[in-house]
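Enquirer: Under the UniProt record's numbering, read the sequence shown as residues 1 to 244, first letter to last.
Below are the structure tokens for one structure; questions will follow.
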Amino acid sequence: MLSIKDLHINFGTLEVLKGIDLNIAKGKVIVVIGPSGSGKTTLLRCLNILETPSKGVLEINNQSIDFSQKVLRKDISAIRRQTGMVFQTYNLFPHLTALENVLEGPVTVQKRNKRDVHPEAVELLRKVGLGDKVDYYPYQLSGGQQQRVGIARALAMNPEVMLFDEPTSSLDPELVGEVLQVMKQLAQEGMTMVIVTHEMNFAREVADEVLFMDGGHILERGHPEEVFSYSKNERARQFLNLLN
Ligand code: ADP
1 MLSIKDLHIN FGTLEVLKGI DLNIAKGKVI VVIGPSGSGK TTLLRCLNIL ETPSKGVLEI
61 NNQSIDFSQK VLRKDISAIR RQTGMVFQTY NLFPHLTALE NVLEGPVTVQ KRNKRDVHPE
121 AVELLRKVGL GDKVDYYPYQ LSGGQQQRVG IARALAMNPE VMLFDEPTSS LDPELVGEVL
181 QVMKQLAQEG MTMVIVTHEM NFAREVADEV LFMDGGHILE RGHPEEVFSY SKNERARQFL
241 NLLN
């Protein structure tokens, strides 16, 4: 479903990803952990080309880009269509209601008819537990509710892979659970997901695999239990001990 080969990215002279190789099968949930600055967010942003890698090959659902060559806009669009992104800070349009936020992508980007998308958007909001909030504006919603609109909005584009960048780290602790619950439900429905998070209990419960990143490398990859309890990597053990 998703494959990355020898992915590198530099910001000026700083090399942030130093050769990432990764394969993710359809329906798998991958949680990416690691210290701050290790490149987790950058990796996620490379997967939908919000950042442009300097080198490497990215393939999602048979659409591929080789970043060593000239990157074409149509290839970027083709990859972006495969992914839905959920951001730490929701990034909703403040002047649009929950429903209008969900309609926006399919109508303006995919050029679909608003009347056709409307019932799908209402259904998605219902699915994330906001069936009674469709006409609310972001300022009328809690952080957890806004983030659930963010998830519905990403799902509205019908992506093959959902990318979550620390989706609960801006939330008050009592609101984290409702967002994780929606993500868990998506995982159970078979959505392919890549999630950067510090929610280790969630990772333990939901992830098929945990990746530990440090210094722009994936240092360890395995079943959550393997990584959390029996990590062979000294840096991963130190990081996980600090969290306990
Ligand atoms: P993490 O998500 O693991 O905390 P990031 O991917 O956000 O790490 O950042 C990795 C490194 O890349 C950091 O040193 C950060 O300062 C740097 N970085 C990230 N994005 C940019 C950017 N757009 N321009 C310059 N440096 C960046």
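In this text, a Cβ means the ideal position worked out from N, Cα and C, and glycines have one as well.
1) For ligand 1, is there a heavy atom less than 8 Å away from the beta-carbon of residue 40?
2) Given a cut-off of 9 Å, decide if residue 161 and residue 24 are closer than it, judged by their beta-carbon atoms.
3) Is any non-hydrogen atom of ligand 1 found closer than 8 Å to the C-beta of residue 16, if you look at the structure I gave you?
4) Check this for me: beta carbons of residue 37 and residue 7, under 9 Å apart or not?
5) Pick out whichever of 44, 121, 81, 101 has its Cα sitting closest to the Cα of residue 62.
6) To the nearest angstrom, report how far apart residue 222 and residue 33 are at their CA atoms.
7) Nearer than 8 Å: is that true of the beta carbon of residue 56 relative to any heavy atom of ligand 1?
8) Please determine whether the Cβ atom of residue 200 lies at a distance below 8 Å from any heavy atom of ligand 1.
9) Could you tell me which of 116, 115, 147, 157 sits nearest to residue 130, measuring between CA atoms?
10) So, with DSSP's three-state summary, where would you put residue 312?
Expert: So, from the listed chains and residues:
1) yes
2) yes
3) yes
4) no
5) Of the candidates 44, 121, 81, 101, the one whose C-alpha sits nearest the C-alpha of residue 62 is 81.
6) 12 Å
7) no
8) no
9) 147
10) It is not possible to answer for residue 312, since the shown part of the chain is limited to 1 through 244.
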